[in-house]
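Residue numbers (the numbering used here): 42 to 382.
No residue lacks a Cβ here, since even glycine has one placed at the ideal position from N, Cα and C.
Notes for the one structure printed next.
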Ligand code: PHE
């Protein structure tokens with residue numbers, strides 16, 4: 042029996058020492074320590090021993106069991122460590138590999154121009170309004186004193202809806218004057234930037250969709266002097282404190298008197314150059330005192346209130362500012378172009 046125990050111990054220790062994987066280890070555990078294992082088989086024979094022999098043999102058996110168990114633990118520990126280091130090796134991350142560059146976008150020049158414009162007017166106490174691009178012809182024309190038969194209503198210029206020609210893509214932001222008068226308490230100081238649509242052929246300076254910024258002030262005692270002073274200040278904020286402006290008479294159905302404002306060319310200082318096409322001046326916007334008829338149609342008494350309005354093309358302004366010579370570049374969204382701003 043003693044020899045049997047010694048043999049089991051020697052064999053088991055050698056076997057555990059050379060074990061390769063968890064399945065083999067478990068097989069060995071069953072073989073040596075299981076209920077039907079070799080050690081159990083030996084212990085079952087203890088009954089046949091004499092009372093004197095039994096304690097020493099019992100002690101030896103316990104010692105062998107303890108030795109086999111600790112060999113099992115050691116082997117299990119070794120396997121676990123090997124598995125962990127294999128996993129660490131397999132899942133290793135090379136932190137020295139260069140990362141994927143993240144492409145950073147930037148503001149569109151039109152967006153920058155608009156933000157700048159808003160900032161100037163907000164600083165002067167104007168509210169910024171937003172309105173629909175699909176507009177009623179009534180607001181785009183009739184309420185702006187351009188009734189039936191007015192040339193600007195022509196089909197060849199205007200995108201009407203085929204199914205209902207009372208509806209159109211607005212050809213100007215001026216219907217926002219009407220929307221403001223209909224919905225806001227007086228006095229009003231607002232700007233309304235947005236897209237407008239005209240049936241223009243596409244070329245370097247024309248696009249069927251472009252951007253305007255409308256502006257309007259209605260208060261008591263407002264005069265043309267307020268219009269000139271405010272718009273001259275805006276031009277100076279845009280092009281520098283020495284910027285000169287001039288106002289030329291013009292015609293719009295919804296303002297009286299009407300004018301256009303030019304700024305002295307910031308490129309040549311008025312001498313004439315390619316930017317101003319030799320004129321020395323660059324046309325910036327249309328404006329005028331709100332026609333009494335327009336006020337009346339909005340239920341505003343022109344004897345009590347007066348106002349002025351202006352509208353300018355934001356695309357043109359951005360093109361001048363950023364020296365963009367073709368309006369199509371603004372809408373193509375080619376990153377090679379946009380990256381330059
Ligand atoms: N709506 C006019 C245009 O598109 C501009 C304008 C706006 C003129 C407001 C006077 C007052 O040309």
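| Asked | Found |
| --- | --- |
| Count the other CB atoms within 10 Å of the CB of residue 98; is the residue buried (16 or more) or exposed (fewer)? | buried |
| Compute the beta-carbon to beta-carbon distance between residue 180 and residue 239, rounded to the nearest angstrom, for a pair I have assumed lies under 8 Å. | With a Cβ gap of about 17 Å, residue 180 and residue 239 do not count as contacting. |
| Short of 8 Å in beta carbon distance, which residues of its chain neighbour residue 352, apart from the five on each side in sequence? Order them along the chain. | 213, 214, 215, 253, 254, 255, 256, 326, 327 and 328 |
| Output needed for residue 62: all residues of its chain with C-beta closer than 8 Å, excluding positions within five of it in sequence on either side, in chain order. | 120 |
| So what does DSSP say about residue 239, is it helix, strand or coil? | coil |
| What three-state label does DSSP hand residue 341 in the structure shown? | coil |
| Take every Cβ of the segment 239-248, pair it with every Cβ of the segment 168-185, and state whether three or more of those distances are shorter than 8 Å. | no |
| Ends of the beta strand (DSSP E) at residue 328? | 322-331 |
| Let me check one thing: in DSSP terms, what residues is residue 73 bridge-paired to? | Paired residues: none, contrary to the question. |
| Would the C-beta of residue 351 count as close to the ligand PHE, meaning under 7 Å from any of its heavy atoms? | yes |
| Count the other C-beta atoms from every protein chain shown that fall within 10 angstroms of the C-beta of residue 357, then say buried if there are 16 or more, exposed otherwise. | buried |
| For residue 155, which residues from the same chain have a beta carbon less than 7 Å from its beta carbon, with the 5 sequence-adjacent residues on both sides left out? | 234 and 355 |
| Around the Cβ of residue 301, are there at least 16 other Cβ atoms within 10 angstroms (buried) or fewer (exposed)? | buried |
| For residue 206, which residues from the same chain have a beta carbon less than 8 Å from its beta carbon, with the 5 sequence-adjacent residues on both sides left out? | 178 |
| Does the segment 49-64 come into contact with the segment 73-86, if we say contact requires no fewer than three beta-carbon pairs (one atom in each stretch) closer than 8 Å? | yes |
| Out of 208, 378 and 361, which has the shortest C-alpha to C-alpha gap to residue 309? | 361 |
| How would you call residue 377, buried or exposed, if buried means at least 16 neighbouring beta carbons within 10 angstroms? | exposed |
| If I follow the unbroken alpha helix (DSSP H) through residue 109, where does it start and stop? | 94-131 |
| For residue 307, count neighbouring C-beta atoms within 10 Å of its own C-beta (all shown protein chains included) and say buried if the count is 16 or more, exposed if not. | buried |
| Is residue 215 near the ligand PHE, in the sense that its beta carbon is under 7 Å from a heavy atom of that ligand? | yes |
| Among 322, 94, 318 and 263, which one has its Cα closest to the Cα of residue 289? | 322 |
| Which full runs of the beta strand (DSSP E) of 3+ residues lie inside the segment 338-381, going along the chain? | 347-354 |
| Since residue 260 and residue 196 should fall inside the 8 Å C-beta cutoff, what is the C-beta to C-beta distance between them, to a whole number of angstroms? | So it is not a contact: roughly 38 Å between Cβ atoms. |
| Would you tell me roughly how many angstroms separate the C-alpha atoms of residue 370 and residue 133, rounded to the nearest one? | 48 Å |
| Hey, how far is the Cα of residue 286 from the Cα of residue 266? | 13 Å |
| Tell me whether the beta-carbon of residue 268 lies closer than 8 Å to the beta-carbon of residue 349. | yes |
| Given residue 103, which residues of its chain have a CB within under 7 Å of its CB, disregarding the five upstream and five downstream residues? | none |
| Between residue 334 and residue 186, how many whole angstroms is the CB-CB distance? I'm expecting something under 8 Å. | 5 Å |
| Tell me which same chain residues have a C-beta within less than 7 Å of the C-beta of residue 293, skipping the five on either side of it? | 299, 327 and 329 |
| Mapping the DSSP letters down to three states, classify residue 57 as helix, strand or coil. | helix |
| Looking at the strands, I want to know which residues DSSP matches up with residue 170. | Residue 170 pairs with nothing; no bridge assigned. |
| Could you check where the beta strand (DSSP E) with residue 289 kicks off and where it finishes? | 286-293 |
| For residue 150, does the three-state DSSP call read helix, strand or coil? | helix |
| Kindly say whether residue 264, judged by its beta-carbon, lies nearer than 8 Å to any beta-carbon of chain B. | This model lacks chain B altogether; it includes just one protein chain. |
| Quick check: does the Cβ of residue 288 come within less than 7 Å of any heavy atom belonging to the ligand PHE? | no |
| Of the residues 96, 105, 143 and 312, which one's Cα is nearest the Cα of residue 73? | 105 |
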